[in-house]
Amino acid sequence: MRILLHWSLSNGTIFMAMKDTIQEKEEKEEAKPREKDSKKEQRPDPSSVYFAGVGRRKTAVSRARLFAVSEESQATILINEKPGDVYFPTASLRQIFLAPLQLLGLENRFRISVHVRGGGPVGQASATSLALSRALVTLNAEHRSLLKSGKFLSRDSRKVERKKPGLKKARRAPQWSKR
Numbered sequence: 011m012r013i014l015l016h017w018s019l020s021n022g023t024i025f026m027a028m029k030d031t032i033q034e035k036e037e038k039e040e041a042k043p044r045e046k047d048s049k050k051e052q053r054p055d056p057s058s059v060y061f062a063g064v065g066r067r068k069t070a071v072s073r074a075r076l077f078a079v080s081e082e083s084q085a086t087i088l089i090n091e092k093p094g095d096v097y098f099p100t101a102s103l104r105q106i107f108l109a110p111l112q113l114l115g116l117e118n119r120f121r122i123s124v125h126v127r128g129g130g131p132v133g134q135a136s137a138t139s140l141a142l143s144r145a146l147v148t149l150n151a152e153h154r155s156l157l158k159s160g161k162f163l164s165r166d167s168r169k170v171e172r173k174k175p176g177l178k179k180a181r182r183a184p185q186w187s188k189r
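Here the sequence shown stands for residues 11 to 189, where the numbers follow my numbering.
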C-alpha cells in the first residue's frame, strides 16, 4: 500500500490518499480461500428453516419463528426460553396467543420460538398472536384470507394516553373542593 502526500500551497493543508495497486489487489484475492464454492455445496438443515413474523401491541414487541417438524411429539412452544404454558400461566392468555393456530388447525405442526419484550402479559400475548399470524401468512399465502376474516392480521394501535400537567391522570382532574 502506498501513501501519496500532496501539499497544497494555496491554503497550507496536506491531503493524504491511500491507493492500492492492481498487483496488490490480485495478491490479496489469491491469498483468500474460496469460500463461495463450499457454501454452494452445503444445503440448509430442514429443521433450521423457519418462517418469521413480528407483532406489536401497546409497548410489547414479539418476534415469532415457526419451524416445521415431522412428528407431533417435536412440536413445542418456547416463549423467552420458557414453555408457553409456564410463560402465560392463565388459560385466557394462552387462548389469546394460540388463537391463530387453532383457527387454522395447526396447533401441533410447528416448533415455535418466540422472543417478546416490553408491556404486560395481555399486551405480550396479543403481540405474540399477531407475530404468529404474520409468520403463518409467510408460510402459506392462502392462510391470509382466514386470518384476515378472524381479525388476526390487524394491529391494535391503542396505547395509554399520556398524563397531562395539572391533572391526576390523562383526563382525571383533581377533586374540586368548595372551601
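We put the beta carbon where it would ideally sit given N, CA and C, even for glycine. All of these numbers come straight from a predicted model, not from anything done at the bench.
Residue interval of the alpha helix (DSSP H) (run including residue i)
i	result
Gly128	Gly128 -> no alpha helix (DSSP H), and no H or E assigned at all.
Arg172	From DSSP, Arg172 is part of no alpha helix (DSSP H); its letter is neither H nor E.
Pro110	101-114
Span of the beta strand (DSSP E) around residue i
i	result
Ser159	Careful: Ser159 lies outside any beta strand (DSSP E), inside the alpha helix (DSSP H) at 153-159.
Leu76	70-78
Expected contact under 8 Å - CB spacing of residue i and residue j to nearest Å
i	j	result
Phe77	Pro110	About 16 Å; that fails the 8 Å criterion.
Arg67	Leu140	7 Å
Val59	Arg127	About 25 Å; that fails the 8 Å criterion.
Ala85	Asn118	4 Å
Where residue i falls: helix, strand or coil (DSSP)
i	result
Ser123	strand
Leu163	coil
Glu82	helix
Ser187	coil
Leu177	coil
Arg182	coil
Proximity below 8 Å, CB of residue i to CB of residue j
i	j	result
Phe98	Phe107	yes
Ala180	Arg172	yes
Arg144	Val64	yes
Ile122	Leu88	yes
Arg165	His125	no
Leu113	Gly160	yes
For residue i: DSSP bridge partner residues
i	result
Lys92	Ile89
Gly63	Ala74
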